[in-house]
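Residue numbers (this note's numbering): 8 to 251.
Backbone N, C-alpha and C define an ideal beta-carbon position, used for all residues, glycine too.
It should be emphasised that the depicted structure is a prediction, and the values quoted were computed from it without experimental measurement.
Scroll down for the structure; my scribbles are underneath it.
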Amino acid sequence: MSNDTVAVLDKGFVRLVDFMGGDQGIVDAARVSYGGKSKGEEADRRLISYLLRHQHMTPFEHSFFKFHVSCPIFVMRQWIRHRMASYNEISARYVEVRDEFYIPKTWRAQDVKNKQGSIAAPALDHKALTALCEAQVRSALEVYRQMLAAGVAREMARMVLPVNLYTEFYWTVNARSLMNFLSLRADVHAQWEIQQYAEALGRFFESKLPWTWAAFLAHVWNGQNPRLDAEKKRLQESLQPQPR
Numbered sequence: 008m009s010n011d012t013v014a015v016l017d018k019g020f021v022r023l024v025d026f027m028g029g030d031q032g033i034v035d036a037a038r039v040s041y042g043g044k045s046k047g048e049e050a051d052r053r054l055i056s057y058l059l060r061h062q063h064m065t066p067f068e069h070s071f072f073k074f075h076v077s078c079p080i081f082v083m084r085q086w087i088r089h090r091m092a093s094y095n096e097i098s099a100r101y102v103e104v105r106d107e108f109y110i111p112k113t114w115r116a117q118d119v120k121n122k123q124g125s126i127a128a129p130a131l132d133h134k135a136l137t138a139l140c141e142a143q144v145r146s147a148l149e150v151y152r153q154m155l156a157a158g159v160a161r162e163m164a165r166m167v168l169p170v171n172l173y174t175e176f177y178w179t180v181n182a183r184s185l186m187n188f189l190s191l192r193a194d195v196h197a198q199w200e201i202q203q204y205a206e207a208l209g210r211f212f213e214s215k216l217p218w219t220w221a222a223f224l225a226h227v228w229n230g231q232n233p234r235l236d237a238e239k240k241r242l243q244e245s246l247q248p249q250p251r
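So, in structure tokens, the structure goes:
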């Protein structure tokens, strides 16, 4: 996909629609408290690091991202628990749904220690489970279409569709709230599917707010995620004094 779009799962995506602010805007918002302005890149980077290290968060509310997201309904149900943001979703009352369903190729088993989590399960018959899922999707979609053909309203016919149906929405979020989202949803304790979306969001965050991203990894990120952990380690090593 293009530079402003990241493919996620089998049919989903995250697309950056718009962005306002930037690292410098965060610095300016912080310095206005003292009537000050930029003091150069090095000092401004240190300020962003200081703000996150000491949890002075309001300056980060002045940078905004607007995303167009396509994800399964069950992923969005977790996503909208993050309420400090604005949402507009496609409505199956207005349009007929498309034949777009999330079909996993690998299935996980229930984690016996974490009641809401899952674990890798190589012993499962993954091919058979995928075929079972595909059959259920085809059946539900056929019932939906038969109901529409019989004259049932879209708002009622949709109730037979499963939650692995893809939905789309616009999501506008400030940098502070996005950091909260990443802290919770990029972590391995979150459901794997939403982790993939969090990682995609992180790529845009890093691209648009590189100073803030580095400070986020250094002072905010305490979760577990192979990509983020590796990036945090790389940044830490880059800050170590070099031998003479």
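Simplified DSSP assignment, three categories, for residue i
| i | result |
| --- | --- |
| isoleucine 126 | strand |
| valine 104 | coil |
| serine 93 | strand |
| asparagine 181 | strand |
| tyrosine 109 | coil |
| aspartate 27 | Checking the sequence shown, residue 27 turns out to be methionine, not aspartate. If DSSP states are grouped into helix, strand and coil, methionine 27 belongs with the strands. |
| alanine 14 | strand |
| alanine 116 | strand |
| arginine 88 | coil |
| glycine 19 | strand |
From the options, residue whose alpha carbon lies closest to that of residue i
| i | options | result |
| --- | --- | --- |
| leucine 148 | Gly158, Ser93, Leu139, Leu168 | Leu168 |
| histidine 196 | Ser56, Glu206, Gln231, Tyr173 | Gln231 |
| aspartate 118 | Ala128, Leu189, Ala50 | Ala128 |
| isoleucine 110 | Ile87, Leu246, Lys18 | Lys18 |
| aspartate 194 | Leu235, Trp220, Met154 | Leu235 |
| asparagine 229 | Lys46, Trp218, Asn187, Gln153 | Asn187 |
| arginine 105 | Phe67, Arg161, Leu139 | Arg161 |
| phenylalanine 108 | Lys73, Lys240, Glu175, His63 | Glu175 |
| asparagine 181 | Tyr173, His69, Ile87, Leu139 | His69 |
| phenylalanine 67 | Ile55, Ser77, His75 | Ile55 |
Unbroken alpha helix (DSSP H) run spanning residue i, endpoints
| i | result |
| --- | --- |
| lysine 73 | That residue, lysine 73, is in no alpha helix (DSSP H); its beta strand (DSSP E) goes 71-79. |
| valine 144 | 133-156 |
| tyrosine 204 | 199-215 |
| arginine 165 | Careful: arginine 165 lies outside any alpha helix (DSSP H) and carries neither H nor E. |
| glutamate 48 | 48-60 |
| aspartate 236 | 233-245 |
Pairing CB atoms from the region 128-141 with CB atoms from the region 75-83, are three or more of them under 8 Å? no
Would you check if the region 142-160 and the region 21-35 touch, i.e. whether three or more CB-CB distances between them fall below 8 Å? No: fewer than three Cβ pairs fall under 8 Å.
The region 89-104 contacting the region 26-37, beta-carbon criterion three pairs below 8 Å: No contact exists between the region 89-104 and the region 26-37.
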